[in-house]
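Residue numbers (the numbering used here), protein chains in the order written: chain A, 5 to 146; chain B, -17 to 169.
Beta carbons: idealized from backbone N, C-alpha and C, even for Gly.
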């Protein structure tokens, strides 16, 4: 299942100023079944910065809308190569939104520096629900 | 609005020092020697160019054989500074340019560090105390660099500059690109 919402894709600023949107960030949403339960996984690959962060927000918002009862929403960042303060802010916001909606939300990061380092130096590893793998995230939710 | 300068060339042609006014034969000429040690970029203050700034700074530091972990820290700090300029500098006026200048210096004990200045010509705005997001960006910069100074340029022109001074790094290994230049001219 491809991502249905993509803010920024209709931007008219792409005329040669920089790389095309899809070169910077690619987002896919897929439903996966696990022995313990189901997860809706939003996989982000590439760079999350001021220019691309709205696409990430839109994909996560669409994920909330598609979430079925008993499912966990997982944001998989293991293919993210750059995470800015805008990306951190978005992760905090979607975490708070999930708490308000009483929906389970998990964020998957591996030990690669581009994602984990900004999260740790800003102390957000205490705020975000972080897991090493999608499987760990699903297991923790059920 | 075009990006100033060829993306393949760290030094925008308009800013090349006099010594580089030699004929350029075709589009694939090696950048002048100084460009390995000096970084000069001028980009329109638009969100899409932040990734271009990162790419150029990454390439410059790789050319200096900067240690990978530190390299990513510096790229992150520059990205945050450019983002602030893009978001805040030209709020009530037509978007202007963001300048990025970098240089390397030797430090006592045979180490080296880079200093990068990110500058805009917009309106000076200090971060409001309750702007948690903006303070997180500044906190990221401070975590990634040795010192971060944010203020107004001392040449009397309007705008904001962010002076990012890296932690020290060991000199490049023998045979690394930076040593093959044979150019120890300080910058």
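Residue 120(A) has a beta carbon lying at 8 Å or more from every beta carbon in chain B. The beta-carbon separation of residue 78(A) and residue 138(A), rounded to 6 Å, stays under the 8 Å limit for a contact. Between the beta-carbon of residue 42(A) and that of residue 74(A) there is about 7 Å, and that keeps the pair under the 8 Å contact cut. Straight-line spacing of the CA atoms in residue 104(B) and residue 61(B) works out to 18 Å. Looking at the DSSP output, residue 77(A) shares a beta bridge with 44(A), 109(A). It is roughly 12 Å from the alpha-carbon of residue 136(A) to the alpha-carbon of residue 83(A).
At least one CB atom of chain A sits nearer than 8 Å to the CB of residue 121(B). In the DSSP assignment, residue 64(B) falls within the alpha helix (DSSP H) that extends over 50 to 66. At the C-beta level, residue 125(B) and residue 80(B) stay beyond 8 Å of one another. Under the Cβ criterion of 8 Å, residue 71(A) is not counted among the residues facing chain B.
The beta-carbon distance between residue 82(B) and residue 44(B), rounded to whole angstroms, is 16 Å. This is too long to meet the 8 Å contact definition. Within the stretch 77 to 91 of chain A, 86, 87, 88, 89, 90 place their CB atoms closer than 9 Å to a CB of chain B, listed in sequence order. Less than 8 Å divides the Cβ of residue 94(B) from the Cβ of residue 153(B). Taking a C-beta distance under 8 Å as the contact criterion, residue 63(A) and residue 46(A) qualify as a contact pair. Here the C-alpha atom of residue 89(B) lies approximately 9 Å from the C-alpha atom of residue 151(B).
Within the stretch 113 to 144 of chain B, the complete beta strand (DSSP E) segments at least 3 residues long are 129 to 133, listed from N- to C-terminus. When 24(B), 123(B), 64(B), 115(B) are compared, the shortest CA-CA separation from residue 149(B) is found for 123(B). The Cβ-Cβ distance between residue 52(A) and residue 91(A) falls below 8 Å. Taking 8 Å as the upper bound for CB-CB distance, residue 98(B) and residue 143(B) are not in contact here, some 10 Å apart. In the three-state reduction of the DSSP assignment, residue 72(A) falls in the coil class.
Proximity of chain B to residue 53(A) at the Cβ level (cut-off 9 Å) is accounted for by 29, 32, 33, 36, 61, 65, in chain order. Restricting attention to 135(B), 117(B), 66(B), 133(B), the CA atom closest to the CA of residue 31(B) is found in 66(B).
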